[in-house]
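*Asks:* Can you keep this structure in mind? I'll have questions shortly.
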Amino acid sequence: MAKKELSFEEAMVRLEEIVDSLESGEFSLEESLKLYEEGVKLINICNSKIEKVEASVKILLNKDGELLEEDFVASEN
Numbered sequence: 080m081a082k083k084e085l086s087f088e089e090a091m092v093r094l095e096e097i098v099d100s101l102e103s104g105e106f107s108l109e110e111s112l113k114l115y116e117e118g119v120k121l122i123n124i125c126n127s128k129i130e131k132v133e134a135s136v137k138i139l140l141n142k143d144g145e146l147l148e149e150d151f152v153a154s155e156n
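Structure follows, in structure tokens:
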């Protein structure tokens, strides 16, 4: 059976659980490393989803009564 792809929200919830678990200090080094690796994968999933959304966002500008469409470009702060 194919694994269901996580939504952005599901990935963020799991990432928060992992952070809480790691901050608790209740896990062995080996278990903490596994959680950390899972967290990195989740961060990559979230970043990929954000990049896809940013690529599809368009900005509508009103220039002299006409609507013009421009690609959204995220600022790098």
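For the sequence shown, position 75 (counting from the first letter as 1) is numbered 154 according to the numbering used here, and the numbering increases by one without interruption.
All residues carry an ideal CB built from backbone N, CA and C; glycine is no exception.
(1) Alpha carbon to alpha carbon, what distance is there between Glu133 and Glu105?
(2) Could you please give the first and the last residue of the uninterrupted alpha helix (DSSP H) stretch that includes Asp99?
(3) Taking the straight line between their C-alpha atoms, what separation do you get for Ile122 and Gly144?
(4) Do Cys125 and Phe87 have their CB atoms nearer than 7 Å?
*Replies:* So, from the data block:
(1) 38 Å
(2) Phe87 to Ser103
(3) 42 Å
(4) yes
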